[in-house]
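Engineer: Adding 1 to a residue's 1-based position in the sequence shown gives its number in the working numbering.
All residues carry an ideal CB built from backbone N, CA and C; glycine is no exception.
Can you read through this structure? Questions will come right after.
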Amino acid sequence: MQNEPNVPPPQYHRRGIYLLPNLFTTAALFSGFYAIVAAINDRFEAAAIAIFIAMIFDGIDGRVARMTHTQSAFGAEYDSLSDLVSFGLAPALVMYEWTLSGLGKAGWLAAFIYTATAALRLARFNTQVGKMDKAYFQGLPSPAAAAVLAGFVWFITDYRFEHMNLAIPSLILTVFIGLLMVSNIRYRSFKDLDLRGKVPFFAILLVVLGFVLISIDPPQVLFWLFLLYAFSGPVLTLLELRRRRAARQENR
2 MQNEPNVPPP
12 QYHRRGIYLL
22 PNLFTTAALF
32 SGFYAIVAAI
42 NDRFEAAAIA
52 IFIAMIFDGI
62 DGRVARMTHT
72 QSAFGAEYDS
82 LSDLVSFGLA
92 PALVMYEWTL
102 SGLGKAGWLA
112 AFIYTATAAL
122 RLARFNTQVG
132 KMDKAYFQGL
142 PSPAAAAVLA
152 GFVWFITDYR
162 FEHMNLAIPS
172 LILTVFIGLL
182 MVSNIRYRSF
192 KDLDLRGKVP
202 FFAILLVVLG
212 FVLISIDPPQ
222 VLFWLFLLYA
232 FSGPVLTLLE
242 LRRRRAARQE
252 NR
């Protein structure tokens, strides 16, 4: 009888996910879900703050994954789904429960437009990873779009302007911000900034002053800050088109 060769048993790789970065993604998802629950219970200020907290966790998870070398395809997909809830569905439902519900069909259609454009923005971003200039975003990023709407709700409720008829302005703002997300307008991503290198002392002073300014009046400062960022894309695009047009006329 011939002896069979000693063949090693097949090795099965244990499948799993990286815990640390996905914990922050889960925290962002929880914050977005809590914003929806708070809005349903008419706690709009808490809902707006929860969306900003989701932004913080969303900004941390990717950096933690890169620092700890725990990037994965699962983490990227999970982060995208979390963004859809926290920065697509949550802001739309907060706006709907806050003022848009009083407009009937037009109100929920505006909320749906924002949700759909956020989903399209995230899908386009996922297909362009590694193909676009990392210094710019194509279209308004969904976290910044959510910050505009959440900042608007927080600002109005904090200053107790709810007695004003804000349904139409809310509808216009919701649809306009949604359309900016799926536009081809470029926005600075600031990913090209070297945070590990040395910076002038004046730069540290500006960071300190920024924290002080936000702490004085968070609702108003955050709303105007992200609203200016939302308008910076169209303004810079128009200036670039004007510069190119002037350059063409000079070359003729």
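Tell me, which residues are paired with Arg-187 by DSSP?
Structural biologist: Position 186 of the sequence shown, counting from 1, holds the residue named residue 187. According to DSSP, Arg-187 bridges with Gln-139.
Engineer: Within the same chain, show all residues whose beta-carbon is closer than 8 Å to that of Trp-109, passing over the 5 residues directly before and after it, in chain order.
Structural biologist: Position 108 of the sequence shown, counted from the first residue, corresponds to residue 109. Only Tyr-97, Leu-101 and Ser-102 meet the Cβ criterion.
Engineer: Out of Ile-18, Thr-118 and Thr-27, point me to the one whose CA is closest to His-70's CA.
Structural biologist: Here the question's residue 70 lines up with position 69 in the sequence shown. Closest option to His-70, Cα to Cα, is Ile-18.
Engineer: Helix, strand or coil for Ser-73, going by three-state DSSP, please let me know.
Structural biologist: By one-based count along the sequence shown, residue 73 stands at place 72. Correct three-state label for Ser-73: coil.
Engineer: Between the Cα of Leu-150 and the Cα atoms of Thr-175, Asp-159, Phe-138 and Asn-185, which residue gives the shortest distance?
Structural biologist: If you number the sequence shown from 1, residue 150 lands on position 149. Among Thr-175, Asp-159, Phe-138 and Asn-185, the Cα nearest to that of Leu-150 belongs to Thr-175.
Engineer: Hey, out of Ile-41, Leu-240, Phe-212 and Ala-66, whose CA is closest to Thr-26's CA?
Structural biologist: Locating residue 26 in the sequence shown gives position 25, counting from the first residue. The residue with the shortest Cα to Cα distance from Thr-26 is Ala-66.
Engineer: If we ignore side chains and look at the alpha-carbon of each, how far apart do Trp-155 and Ala-248 end up?
Structural biologist: Counted from its first residue, the sequence shown places residue 155 at position 154. Counted from its first residue, the sequence shown places residue 248 at position 247. Spanning the two alpha carbons is a distance of roughly 44 Å.
Engineer: Compare the beta carbon distance of Ser-184 and Gly-152 with 7 Å and say whether it is the shorter of the two.
Structural biologist: Counting from one through the sequence shown, the residue named residue 184 turns up at place 183. Counting from one through the sequence shown, the residue named residue 152 turns up at place 151. No, the pair does not count as a contact, with Cβ atoms beyond the cut-off.
Engineer: Does Asn-127 pass the burial test, meaning 16 or more other C-beta atoms within 10 Å, or should it be called exposed?
Structural biologist: Position 126 of the sequence shown, counted from the start, is the residue given in the question as residue 127. Asn-127 should be labelled exposed.
Engineer: Helix, strand or coil for Ile-215, going by three-state DSSP, please let me know.
Structural biologist: Taking the first residue of the sequence shown as position 1, residue 215 is located at position 214. Looking at Ile-215 - three-state DSSP - the assignment turns out to be helix.
Engineer: Under a Cβ-count criterion, where at least 16 other Cβ atoms within 10 Å of its own Cβ denotes burial, should Arg-245 be classed as buried or exposed?
Structural biologist: Here residue 245 corresponds to residue number 244 of the sequence shown, with the count starting at 1. Answer is exposed; the Cβ neighbour count stays below 16.
Engineer: Contact between the region 86-94 and the region 30-49 is defined here as three or more beta-carbon pairs at a separation below 8 Å; is this criterion met?
Structural biologist: The answer is yes - the region 30-49 touches the region 86-94, with three or more Cβ pairs under 8 Å.
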